[in-house]
Each structure stands twice: as structure tokens, then as C-alpha cells.
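Inspection log for the structure reproduced underneath, given as C-alpha cells.
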Amino acid sequence: MIKLDRIDYRILEALQDDGRLPVKRLADIVGISVSPCWQRVKKLEKAGIIRRYTAEIAIEKLQAIQIVLAHVVMARQNRETYAKFERQVRDIPEVVECYEVTGSIDYHLKFIVKNMERYNEVVETFLGAAFGVEKYFTYVVTRTAKDEQNVRVSSELISRTASG
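Under the working numbering, the first residue of the sequence shown carries the number 12, and numbering increases by one thereafter.
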């Protein structure tokens, strides 16, 4: 892991709030001059800490969507079966999240589909025996109570953790 100081964390905080900040404004926010600020941002990008800059689109304002969660139990619990399933899941654009989990299920998946008919088409295609799935459980999201995609960086929390 790369060692970061308080200024690096302040840069990350500011960029999480607005990834389009001009470097001059970013430097003002974190309290350093433009050139060192730019160098730090480049260092964070090169280290892979800043993965990408993106726009968060409110897709539900453009088209009707349905969020569906699925819990999957695999027929066999082994690395080979899991690797094959994960490769196949990566090719399904409607699956936006896939987590291997502990407990009575093997995977938790999040689908975003235009409607339940499309969900059923996707499920019939890939949640069958050919994919190594023994059974699955579907949960239709009726309302989103919280949707925070990114873990927030906090310079205060990080500095306390680093010094303690």
C-alpha cells in the first residue's frame, strides 16, 4: 500500500465531491500550489488510487428500470466452478454487481433491467445448470432507501487511523 499524507487525502476527498475540478481550484481547496497539486494527482492516478473519472448518470430519468437482486447457490462449491461462473457473469451487461459471499448462498448479484420480462430472459439464459447454478432466489427492489456507490475518503478518519 502506498503511504499518503493529509494533503493526498484532502485531494481525494475533493475529487470525490467533484472529479471535474480544475487543478487550480483543487490546489486552492487543499491549500497547496498548482504544480505540487498536479504532481500529487498524477501520483495518485499512477498508483491506481484514482481509478477513473466518470459521470454518474441518473438512468431512471432516461428510461424505466427495475433493480433486481438475486442470491445464487452453486451446484458445486469449488474454485473452478466459481471461476467459470464469474467469467460468464462478466459478459452479462444487466449484472452490475456480483459478490461471492459467505453463508447459505454463494453469490449476491444486482441486476438493472428495463423490466421484469428482460430479467426473466437473462435469468433463463444464465442461471441454469450450464452455468453451474443449483438454485437462485430473486428479490425485486421496490424502493431505494440509500444508493451510495463509493466509500467516502475522510482525511480525519484516515489520519487518526494512520497515527494510531
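The beta-carbon is built from N, C-alpha and C at its ideal position, and this holds for glycine as well.
These numbers were taken from a predicted model, which means no experiment stands behind them.
- Ala-81 by DSSP, collapsed to three states: which one? strand
- Contact the region 68-85 vs the region 119-134: 3+ CB pairs below 8 Å: yes
- Look up Glu-97 in the DSSP assignment and say whether it is helix, strand or coil. helix
- Cα-Cα separation, Ser-170 to Leu-23: The pLDDT assigned to Ser-170 is 49, lower than 50, so where the model puts this residue is not dependable; a value taken from the coordinates is nonetheless given after this. The alpha-carbon atoms of Ser-170 and Leu-23 are separated by roughly 13 Å.
- Message: Three Cβ pairs or more, each shorter than 8 Å: is that satisfied between the region 45-59 and the region 20-35?
- Response: yes
- Message: Closest to Ala-156 by C-alpha separation, out of Ile-61, Gln-99, Ile-78 and Arg-36, would be which residue?
- Response: Ile-78
- Helix, strand or coil at Val-176 according to DSSP, with G and I counted as helix: There is simply no residue 176 to check, as the chain begins at 12 and stops at 175 in what is shown.
- Would you call the region 92-111 and the region 123-136 in contact, with 3 or more CB pairs under 8 Å? yes
- What residue does the alpha helix (DSSP H) around Glu-132 start on, and which one ends it? 127-137
- Item | Same chain, Cβ closer than 7 Å to Phe-142, five either side skipped, listed in chain order | Phe-96 and Gln-99
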